[in-house]
Each structure stands twice: as C-alpha cells, then as structure tokens.
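Peer 1:
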Amino acid sequence: MNRRPDVSRPPADLPDPSLRVFAAMPGVAHLLMGRWRAGLNLLGFTVLLASILALRWDAFREAFSSSAIDDWVATRFLLIALLGCLVFSIWDARRISTPDTSAPSDITAASAKARSPYRVAMRRFAENTLAVAALYTILLFCLVAILAPLLAPYDPAAIEDPTNTRYLAPSMAHLFGTDEFGRDWFSRAVYGARVSLSVGFLAVIVAVTFGTVYGSVAGYFGGMVDNALMRLVDVIIAFPTFFLMLMLVSVFEASLVVLVLILGLTSWTGTARFIRGEILSLKEREFIEAARAMGLPHRIIIFRHLIPNAAAPVLVSASLMVGGMIGAEAGLSFLGIGIRPPTPSWGNMIGQGQGALLVAWWVALSPGLLLALTVLSFNLLADGIRDALDPKTLMRKYI
Amino acid sequence: MLLRVENLAVSFFLDEGELRAVDGVTFDIQEAETVALVGESGCGKTIVALAILDLVASPGRRVGGRVLFRHEDLQKVSSEKLRKIRGGQIGIVFQEPGAALNPVFPIGRQIAEVLQLHLGMLRHDAEREAVRVLGGVGIPEPEKRFKAYPFELSGGMQQRAVIAIATCTRPALLIADEPTTALDVTVQGEILDLLRDLQERHQMAILLITHDLGVVADMANRILVMYTGKLFEKGPTARVYENPRHPYTKGLLSAIPRLGLGKSAPLTGIPGAVPDLLDLPSGCTFHPRCSLADEECTEFFPEQRVMGIARECACYKAKIT
C-alpha cells in the first residue's frame, strides 16, 4: 500500500550540482520528486511572501523598527513564515525521500492507517475543488489581515488633501479609489479585513465554546438539569437575535471586544441545542458506560470522552457560523452601531458608500464584493468540511 | 469475603409498569475465586453486574438489598469513594469490545488515563506502564500498539485492550460480562486463557457472566444459575454439572451438545420461552416450562433451600439424591 510515487530520488542524488542549490528553494524538491500539490503550495506561498517583502521593502523596514504592535506582528510573521517554509520543505523532502522505517511492519496496519477516518476526510476534502478554492481564498484574506501594515499603500485613516483627492475613481495610484475625505479605499479595505475576520473567528470561538459546554452539561446530566438549562435556551431563542444585538450594542459602547462578546453570546444557542442531541445519543454508547464503570469523574467523561466524539459536527456548524458572524458584524457596522469610523470595517465602509452611490459607486462596491466573497468562501468551506466528514457520502469509494 | 450481594432487587419503571429485572439475588465471592453467573438472555445477568457498581441507568433503579465490598456497603460510601472503587478495586469488561473503547483515542492513552486517575501516576510514567500492561495482556509490539486506535485492532485484540484497561489497576474483582460472546471460537479460548493467567498473577476474583455453559465448566469454581431475575441454583461447578438439582439447570445442561453422545441421544431443549418480565407467571416463574410442576408451584416462589454441601436450590420438587 505504498502510495508515494518516485521515492527513489532523494534531493541529495540530483544529477546536476547546480540543481541541488535550486532544490533548497521551498517546494522545488517536492516538485522534482513528483509531489505536485505539496510542491506548488510551498513554492507559491514562498514566492508570495518573498514578493511582498521585495515589493514593499521600504514599508517593511519602517514597520520592522516601529513600536506599534501590529507592525511588529506583521513583520515577524512574514519572516517566520518564510523561514518556516524553508525549514519545513527541507524536513519534509528528507522525510519523503528516506523510506519510512517506523511504520508498523505489517500490511494490515499500514492500510488501516490509510483508512483512518481523518485521512479519508482529508482526501475527500482535497477532491472538492470548490471547497479547496474557498479555503485558499480564506487563507489569502487571513494573510492580508495579518500583513495589513505592509500591504496598505497609505495610512487608512489619513485625510491628506481632501479637496484634490476626494472621490477619485479607481486607478493604479488608488486601486479601489478614494472616499469623500480622500482616504485610500484599498488601504481601508485591507485594514477592514482585520476587523471582519477577527470578529468572525472570535465570536464563533466564544459561541461554540460556550454552546458546547452548555449543551454537553445539559445532555450528560439529563433530567432536571437538562430541563432547566434547555428551557433557558428556549427563552433566549425566543428573542429576535438581531434586535437583541441592536439593543445590547446601543447599551454597551461598541468596541471589537464588546462586539465579539455580543455576537458570540447571542448565537450559542444553536450549538448548545445540537450538541445536547449528540451527547444524548453518545452517552448511551457502551464506551461511556465503560468510562463510568472505570470510575472516571464526570468532568473527564464530558471533556475527554463525549466532546471529542462530537467534534465533527461542531466543526461543521462552527465553519458555517463564521460567515454568518462576519455578515452580522457588517450589518451592525453598516447601521453605524458596530465598529465606528475612523476604524475601517467592511460594514461601515459599505455604509459610507451607500450615501455616495450615485456619485462614487466604487466606495460601496469594493467592500461589498469582499464581504460577499468572504461569506461565500466560508459557506463553501463549511459545505466541503461537512461532505468530507459525513460518512454517508461516498465513503465506499475511499475504502 | 470479598463481595457479598444480599437480596439485591432492581426495577425498571416503564410506562407499562414496574419491571423487576433482578429480584432477591444473594451470593458472595471470595478472594481470587471465579464465580459464574449463567442464564438465558434477558434474565438480568448484566443488570446484576451494573447494580454491583451502582451503574444501573434510569429508568432502572436499585429498589432493595445491599452490596458489600470488603464489608463496606457500596450504597453508603461517598460518591468519591465509589469512583475510586470502580476501576480501582472492581474492574469490568463488557461484551462488545469494539463499543467499549473510545473511538477517538489511541488504546494506550485510554489505559494511561485510568492509571493516572486511580494510581495518581504522572502522564509519562502512566504511558510507560500502559505499554507494559499492553504487553502483559498478550498484545504484540506494545510500543507500536500503544498508538493504535480501536478500529485498527481485530476483535480479539480489542478485547485484550479492554481487559488491559479493566485490570491495569490490579483490581481485587473483575466482572467479565460475556467477555467472549462477540468473539469467534478460537479467540474465545485465548481470552479465557488470558483471564485465567491474570487471575493467577494478580490474585483477582472474577465474576464471569455468560450463557455459555462450556466456558463455565472451564473457568468457574462456583456457579449461579439465574432465571427471570431470580437465582435458581448455586453450588460448586463440578457438582452442579454432575448432579443438577433444579429442573431448569437440568434442562440447560441437557441442551449442551457433547461429543461421543451419538445419534441415539437426541438433544433436549427446554420447552417454551422465557416469559415476559412484565407479565411473570405466578409462584415459581419456571412452572409453565417445568415437567415436575404442580399446584404447589403456582402459588408462591420457593425459598432457597440448602441441598448438599455449599449448595442451594430454589425448587419444591428438588430432592437430595
């Protein structure tokens, strides 16, 4: 069951010595050994990072010595990622080119490994082109968000010469044009990605963590506990979520943290409900009875035995929720009660563009497209993960 | 005395009414001996095992009797202490090894987890000990198998892993609930050998629950015969096999095919079927299927009577012969 093509050509045995130097470039060794996917990924990522470094060298130098935390993170991330690509590709190329001796000797163990549910899911996901494209889009946006200080050509908040730069149409100098104050719209969109993505991810982490713990406690203990906890969920669900958010946002002063908490704490009920259902069926399984018979405390049974077994559906619902959260944040910011200018967020950028739609269409269009693309990508990714993890879809093909 | 079960009664409270799954079961287990609990499917054997550890799940509940482990009433000890006894002093092996292992953790971790919890070992020591335990239950290449997930193992290997989890803390009592039923015959023998071997090494008592009388003859010092939640007969295995007192035990034994019996001696089964536990016959619950039954049997359930050395039997018609 050796599925690796062409392991007989380690990089050390490359015919031409000049090629050996070339093989130090991340991904090249993989390509030479016929590992196309890994090679292209490594090579592409390295080239992307290196070209950012080269094209924005001045910005990099300035940010490197800056004391601002986001400059520090962006520059160090860029360097570590580049170094990481190099080290990983050398290590991985070595690993592939030396025959695996640590694997279990018998064939059944090896083929069992290849059939492990995790591997099967990975392979199924990789074959879903749309989901993979969505994953790349999301990763690209994440990279943009982290490297924002290096990528933005202008200060996103600077109002330099409003009379001359007001409402400039998209051009090479201003890729997405400028707004009524003459701010570079591309720079603001780049910084806006930070807000949208971080609110999306953090709110989902809050919601899923809270919902999972809440639902599994209700499901595991059952009876009165379950009844009390789930009736509270019913009460919360009875509030129209968006209006609840509106109310909360107007009570508390909206900042990123407050927004994350409000979004997270109003949307955990769905997760709690279906985790409870999962736990209700899981706890009747014999291995939970066995865990109780071995005297394991409730805490360990819930967190180490029940929740990991319910992880797959949680992952699917979490990835579906991210898109919704980003949309909700944009909605609140659009209405002017989420992230407030001058901090850019795609939501408040669309809001700003709404008034100028007939004068300067690009102001609303670019953040709108970015938002739509992001939400769409998260939904496609969630679909891909669900199909990959669902044992009912096409499992047979891979066993 | 290691374990004493006194007048144990367990009921399930269903919409249709109270279902008495275990009724007045009394027996005891000495240190390092093997006691077999036998009976047809659905007669309450597993419920006895769960009730010993106070694990009967709702809608079931223990409604009477006591379970004494080393003279301590398990219903009166604190829940913390009960947790320590479960897994620490009393291990349990379930029928379906594939279902009794957590599918998302390597088997080695599952053993180490129990060691960390009950023996207070540090993670590193627990993992090393887990490898040793895996080797001790006859799993080849324990260092590699430590990282194996349950689905990567065969049924026999899975059952060995389950036994390893149940015995890694050196419990004084192992409850083995149909440990070989889900396995094929050749593997059955190996698992029984393993249990005997562990018993010898750790001086561990075994409560063996099974419906396979062949297994019992091999393993058990004493036998308890159960029917409709009640004990019908108790005694040393050899003597019960030689000379069963209760008509039900006689029926069970005559239903075992044996080599060398020839065609002339047809197998005899017990007529009829196990009654519905919600609608038990009056008096002795076996009387509708019993050839010796008369008026007397339909009125009250017979008391356990001492019939011979260390033997008891609940039947009006049984005679000391």
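Line by line, the protein sequences give chains F and R. For what it's worth, this note's numbering labels the leading residue of the first sequence as 1342, then goes sequentially. For what it's worth, this note's numbering labels the leading residue of the second sequence as 1045, then goes sequentially. Just so you know, even glycine gets a beta-carbon here, dropped at the ideal spot from N, CA and C.
Which residues, in chain order, does the stretch 1563 to 1586 of chain F contribute to contact with chain R at a C-beta distance below 7 Å?
Peer 2: Residues: none.
Peer 1: Are the CB atoms of R/Val1137 and R/Val1206 nearer to each other than 8 Å?
Peer 2: Reading the second sequence from its first residue, position 93 is the one you call residue 1137 of chain R. Reading the second sequence from its first residue, position 162 is the one you call residue 1206 of chain R. For R/Val1137 and R/Val1206, yes; Cβs fall inside 8 Å.
Peer 1: I'd like the list of long-range same chain contacts for R/Pro1315, defined as Cβ closer than 8 Å, with 5 residues on each side in sequence excluded.
Peer 2: Taking the second sequence and counting its residues from 1, the one referred to as residue 1315 of chain R is at position 271. So the list reads Arg1333, once near-sequence residues are dropped.
Peer 1: Please name the residue, chosen from R/Thr1224, R/Glu1339 and R/Tyr1285, that lies closest to R/Lys1294 on a Cα-to-Cα basis.
Peer 2: The count along the second sequence starts at 1 and reaches residue 1294 of chain R at position 250. Taking only the C-alpha atoms, the option nearest R/Lys1294 is R/Tyr1285.
Peer 1: Rounded to whole angstroms, what is the Cα-Cα separation between R/Glu1084 and F/Val1655?
Peer 2: Counting from one through the second sequence, the residue named residue 1084 of chain R turns up at place 40. Counting from one through the first sequence, the residue named residue 1655 of chain F turns up at place 314. Cα to Cα, the separation comes out at about 42 Å.
Peer 1: Would you mind working out which of R/Glu1187, R/Ala1053, R/Leu1252 and R/Ile1129 sits nearest F/Pro1638, comparing C-alpha positions?
Peer 2: One-based indexing of the first sequence puts residue 1638 of chain F at position 297. Cα-wise, what sits closest to F/Pro1638 is R/Ile1129.
Peer 1: Check the Cβ-Cβ distances between R/Pro1332 and every residue of chain F, and say whether any is below 8 Å.
Peer 2: Indexing the second sequence from 1 puts residue 1332 of chain R at position 288. Not one chain F Cβ lies under 8 Å of R/Pro1332.
Peer 1: Can you find the residues in the same chain that come closer than 7 Å, C-beta to C-beta, to R/Leu1311, ignoring five residues on each side of it along the sequence?
Peer 2: For the purposes of this step, residue 1311 of chain R is taken as the residue at position 267 of the second sequence. Cβ neighbours of R/Leu1311 beyond the five flanking positions: Ala1299 and Pro1301.
Peer 1: Which residues, in chain order, does the stretch 1186 to 1213 of chain R contribute to contact with chain F at a C-beta distance below 8 Å?
Peer 2: Correct list: Lys1188, Ala1192, Tyr1193, Phe1195, Glu1196, Val1206, Ile1209 and Ala1210.
Peer 1: Residues of the stretch 1136 to 1159 of chain R with a CB closer than 8 Å to any CB of chain F: list them in chain order, please.
Peer 2: Hits within the stretch, in order: Ile1136, Phe1138, Glu1140, Ala1143, Ala1144, Leu1145, Asn1146, Pro1147, Val1148, Phe1149, Glu1157 and Val1158.
Peer 1: How would you list, in chain order, the residues of chain F whose beta-carbon sits under 9 Å from the beta-carbon of R/Lys1361?
Peer 2: One-based indexing of the second sequence puts residue 1361 of chain R at position 317. Ordered by position in chain F, no residue passes the 9 Å Cβ test against R/Lys1361, which lies about 39 Å from the chain.
Peer 1: Is the CB of R/Lys1089 under 8 Å away from at least one CB in chain F?
Peer 2: Within the second sequence, residue 1089 of chain R is the residue found at index 45, counting from 1. Closer than 8 Å: no.
Peer 1: Specify the secondary structure class of F/Ser1443 as computed by DSSP and reduced to three states.
Peer 2: For the purposes of this step, residue 1443 of chain F is identified with residue 102 of the first sequence, where counting begins at 1. Only weak support exists for where F/Ser1443 lies, its pLDDT of 49 falling under 50; the coordinates are left without a value.
Peer 1: Return helix, strand or coil for R/Ile1322, following the three-state DSSP convention.
Peer 2: Along the second sequence, read from residue 1 onward, the residue named residue 1322 of chain R stands at position 278. The amino acid at residue 1322 of chain R is misidentified as Ile; the sequence shows Leu. Residue state, collapsed to three classes: coil.
Peer 1: Exposed or buried, which one is F/Arg1464 when buried takes at least 16 other CB atoms within 10 Å?
Peer 2: Against the first sequence, residue 1464 of chain F aligns to sequence position 123. Counting Cβ neighbours within 10 Å, F/Arg1464 comes out exposed, since fewer than 16 surround it.
Peer 1: Against F/Glu1627, what residues of chain R qualify as contacts under a CB-to-CB distance less than 8 Å, listed in chain order?
Peer 2: By one-based count along the first sequence, residue 1627 of chain F stands at place 286. The answer, in chain order, is Phe1138, Glu1140, Ala1143 and Ala1144.
Peer 1: State the DSSP-derived secondary structure class of F/Gly1375, mapped to helix, strand or coil.
Peer 2: Residue mapping note: residue 1375 of chain F aligns to position 34 of the first sequence, counting from 1. If DSSP states are grouped into helix, strand and coil, F/Gly1375 belongs with coil.
Peer 1: Residues of the stretch 1077 to 1102 of chain R in Cβ contact with chain F at a cutoff of 7 Å, in chain order, please.
Peer 2: Residues passing the 7 Å Cβ filter: Leu1097 and Leu1099.
Peer 1: Would you say the beta carbon of F/Ser1438 comes nearer than 7 Å to a heavy atom of the ligand NAP?
Peer 2: For the structure depicted, the ligand NAP is absent and the ligand set is empty, with no information on it obtainable.
Peer 1: Let me see if you follow: with CB-CB separation under 8 Å, is R/Leu1162 close to chain F or not?
Peer 2: Here residue 1162 of chain R refers to the residue found at position 118 of the second sequence. Note that residue 1162 of chain R is His in the sequence shown here, rather than Leu. By this cut-off, R/His1162 is an interface position.
Peer 1: Should R/Leu1081 and R/Leu1217 be called a contact, given that it needs their Cβ atoms to be closer than 8 Å?
Peer 2: If you number the second sequence from 1, residue 1081 of chain R lands on position 37. If you number the second sequence from 1, residue 1217 of chain R lands on position 173. Against a cut-off of 8 Å, the Cβ pair of R/Leu1217 and R/Leu1081 comes out as no contact.
Peer 1: Could you give the residue range of the alpha helix (DSSP H) that holds F/Thr1751?
Peer 2: Given a span of 1342 to 1740 for chain F in the structure shown, any question on residue 1751 of chain F remains unanswerable.
Peer 1: Would F/Pro1445 count as contacting chain R if we go by Cβ distances under 8 Å?
Peer 2: Residue numbering aside, residue 1445 of chain F sits at position 104 when the first sequence is read from its first letter. For F/Pro1445, the pLDDT reaches just 47, beneath the cut-off of 50, and the residue's location in the model is therefore unreliable, leaving the point undetermined.
Peer 1: Could you pull the start and end residues of the beta strand (DSSP E) that R/Ala1279 belongs to?
Peer 2: For the purposes of this step, residue 1279 of chain R is taken as the residue at position 235 of the second sequence. One point to set straight first is that residue 1279 of chain R is Gly, not Ala, in the sequence displayed. Counting along the chain, the beta strand (DSSP E) containing R/Gly1279 begins and ends at Lys1274 to Pro1280.
Peer 1: Within its chain, find whatever has a CB closer than 8 Å to the CB of R/Pro1074; leave out the 5 residues flanking it on each side and keep chain order.
Peer 2: Numbered from its first residue, the second sequence carries residue 1074 of chain R at position 30. The sequence given here places Gln at residue 1074 of chain R; Pro does not occur at that position. Closer than 8 Å at the Cβ level, and outside the excluded window around R/Gln1074, lie Met1045, Leu1046 and Ala1249.
Peer 1: Can you confirm whether F/His1515, when its beta carbon is compared against all beta carbons of chain R, has any partner nearer than 8 Å?
Peer 2: Along the first sequence, one-based indexing puts residue 1515 of chain F at 174. Output row for F/His1515: interface = no.
Peer 1: Using 8 Å as the threshold, is the stretch 1489 to 1502 of chain F in touch with the stretch 1658 to 1678 of chain F, meaning 3 or more CB pairs across them?
Peer 2: In short, these stretches do not touch, since the Cβ pair count stays below three.
Peer 1: Once DSSP output is grouped into helix, strand and coil, what is the label at F/Glu1625?
Peer 2: Here the question's residue 1625 of chain F lines up with position 284 in the first sequence. In this structure, F/Glu1625 counts as coil in the three-state DSSP scheme.
Peer 1: So that I know if they touch, is there some Cβ in chain F lying closer than 8 Å to that of R/Arg1172?
Peer 2: Locating residue 1172 of chain R in the second sequence gives position 128, counting from the first residue. It does not: the Cβ of R/Arg1172 has no partner Cβ on chain F nearer than 8 Å.
Peer 1: Cβ closer than 7 Å: which chain R residues qualify as neighbours of F/His1646?
Peer 2: As a working mapping, residue 1646 of chain F is identified with position 305 in the first sequence. Near F/His1646 (Cβ distances below 7 Å), the residues of chain R are Asn1146.
Peer 1: Please name the residue, chosen from F/Val1369, F/Ala1569 and F/Ala1701, that lies closest to F/Arg1435 on a Cα-to-Cα basis.
Peer 2: In the first sequence, the residue the question calls residue 1435 of chain F occupies position 94. Of the candidates F/Val1369, F/Ala1569 and F/Ala1701, the one whose C-alpha sits nearest the C-alpha of F/Arg1435 is F/Val1369.
Peer 1: Should the stretch 1239 to 1249 of chain R be called in touch with the stretch 1161 to 1169 of chain R, which here means at least 3 C-beta pairs below 8 Å?
Peer 2: Contact between the stretch 1239 to 1249 of chain R and the stretch 1161 to 1169 of chain R is absent, because fewer than three Cβ pairs lie under 8 Å.
Peer 1: Cβ atoms of R/Ser1335 and R/Pro1288: under 8 Å apart, would you say?
Peer 2: On the second sequence, position 244 is the one that residue 1288 of chain R refers to. On the second sequence, position 291 is the one that residue 1335 of chain R refers to. It is not a contact, given that the beta carbons lie outside the stated cut-off.
Peer 1: Can you round the beta-carbon distance between F/Leu1710 and F/Ala1671 to whole angstroms, since I take them to be within the 8 Å contact cut?
Peer 2: Indexing the first sequence from 1 puts residue 1710 of chain F at position 369. Indexing the first sequence from 1 puts residue 1671 of chain F at position 330. The Cβ separation is near 12 Å, so there is no contact.
Peer 1: Using the three-state DSSP reduction, which class does R/Cys1357 fall into: helix, strand or coil?
Peer 2: Counting from 1 along the second sequence, the entry for residue 1357 of chain R is found at position 313. DSSP places R/Cys1357 in strand when its eight states are reduced to three.
Peer 1: In whole angstroms, what separates the C-alpha of R/Asp1320 from that of R/Thr1329?
Peer 2: Residue 1320 of chain R sits at position 276 when you count from the first residue of the second sequence. Residue 1329 of chain R sits at position 285 when you count from the first residue of the second sequence. Taking the straight line from one Cα to the other gives about 10 Å.
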